[in-house]
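Single-structure report; data block below.
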Amino acid sequence: MTGSYAIVVPVYRHGREAARLAARLAEVGLPAYFVDDGNEAETARLLQALPGRFPHVRVIRREENGGKGAAVLTGLKAALADGHSHALQIDSDGQHNLADIPRFLAASRETPQALISGHPQFDVSAPLGRRIGRQITRLCVWLETLSLDIVDPMCGFRVYPLAPTLQVADSASSLGRRMDFDVEILVRLHWAGVAIRSLPTVVIYPEGGVSNFRMLADNGRISWMHTRLILGMVGRGLTGRLGRTRAA
14 MTGSYAIVVP VYRHGREAAR LAARLAEVGL PAYFVDDGNE AETARLLQAL PGRFPHVRVI
74 RREENGGKGA AVLTGLKAAL ADGHSHALQI DSDGQHNLAD IPRFLAASRE TPQALISGHP
134 QFDVSAPLGR RIGRQITRLC VWLETLSLDI VDPMCGFRVY PLAPTLQVAD SASSLGRRMD
194 FDVEILVRLH WAGVAIRSLP TVVIYPEGGV SNFRMLADNG RISWMHTRLI LGMVGRGLTG
254 RLGRTRAA
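Just so we're aligned: the sequence shown equals residues 14 to 261 in this note's numbering.
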């Protein structure tokens, strides 16, 4: 089973970068859903012009900014509605290595039931603070899943199997919709029994790049997310123990 693949690109404040990305994605030969996450007029104008230049691009406009997670889910739902089984998600800020797309797609086709997640190989451009935060989140995720299956939970370069991903997203009432999404959806998919396969990929921080990460607000969201997930893991353990006790 090879499935039907699409590309999903959430876009906020990266209009020119998104236009360059659209041109390069033409080489991949897959339909690409660019999600305009409530951008201001100039970025929205740049995005709306893309389908006229690139037939493989469809632009979906969200009238209000909902955050990265909300934009990704919008794109995933559109891809599933159009009959696709999988979607490769890539960020629009120029951090990800597009040369790795064929390798990620090949890995997904080999194991279509799994989520393929990037394992970043950073160069010297990566800020030290972001690296430290990444290590803390990695340790939290290992605790939340009681495993080492998720090598890196924060890389936004991944291939989603659409049906299980959206089923998990729809069933989780508290799923984060902003920068907490990337981590939480992986943990919840792991809880649901979806295999997570990691592939190394070079990640850069482009000079002069615009970051949408808000140090205080997003770190606060991520901290609260980990609190919820750890409590959820404890609850899952207690529920399982209670079920075994009743069965005995």
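Where a beta carbon is used, it is the ideal one built from N, C-alpha and C, also for glycine. It should be emphasised that the depicted structure is a prediction, and the values quoted were computed from it without experimental measurement.
- The criterion of a C-beta distance shorter than 8 Å is not satisfied by V24 and Y46.
- Contact annotation: A127 and A205 have beta-carbon atoms that are not nearer than 8 Å.
- The three-state reading of DSSP puts A100 in strand, counting E and B together.
- Annotation: L101 to H132 spans about 15 Å, alpha carbon to alpha carbon.
- Listed in chain order, the non-local C-beta contacts of R171 below 7 Å within the same chain comprise Q102, L128, I129, S130, G131, local neighbours out to five positions each way being set aside.
- In the three-state reduction of the DSSP assignment, D193 falls in the coil class.
- Between D113 and T214, the C-beta spacing is below 8 Å.
- Assignment of beta-bridge partners to Y218 by DSSP yields no partner.
- In this structure, V72 lies away from L86, with their beta-carbon atoms at least 8 Å apart.
- At a cut-off of 3 residues, the continuous stretches assigned as beta strand (DSSP E) that sit fully inside the segment 69-137 are 70-75, 99-102, 128-135.
- The segment 25-35 makes contact with the segment 52-70, as at least three CB pairs between them are under 8 Å.
- I235 and I149 have their C-alpha atoms some 11 Å from each other.
- Here the segment 172-188 makes contact with the segment 74-91; the two share three or more CB pairs at distances below 8 Å.
- For A54, the uninterrupted alpha helix (DSSP H) segment begins and ends at 54-61.
- Judged by beta-carbon spacing, H203 lies within the 8 Å limit of D162, meaning their Cβ atoms are closer than that value.
- According to the DSSP assignment, D183 belongs to the alpha helix (DSSP H) that extends over 175-184.
- If you ignore the 5 residues before and after R191, its C-beta comes within less than 7 Å of the C-beta of G80, K81, G82, D231, R234, all in its own chain and listed in chain order.
- In the structure shown, R171 adopts extended strand secondary structure according to DSSP, grouped into three states.
- Looking at E77, E123, H239, L111, the one whose alpha-carbon comes closest to that of F194 is H239.
- The beta-bridge partner set that DSSP reports for Y25 is empty.
- Exclusion of the five residues before and after W155 leaves L161 as the residues of its chain whose Cβ lies within less than 7 Å of its Cβ.
- In terms of Cα proximity to E55, the closest of H27, S187, L152, R151 is H27.
- Inclusion of D49 and R75 in the CB contact set at 8 Å is warranted, their separation being smaller than that value.
- Taking C-beta atoms as the reference points, L38 and A19 fail to come closer than 8 Å.
- A residue is called buried once 16 or more other Cβ atoms fall within 10 Å of its Cβ, and E40, having fewer, is exposed.
- Per DSSP, the beta bridge partners of A19 are A100.
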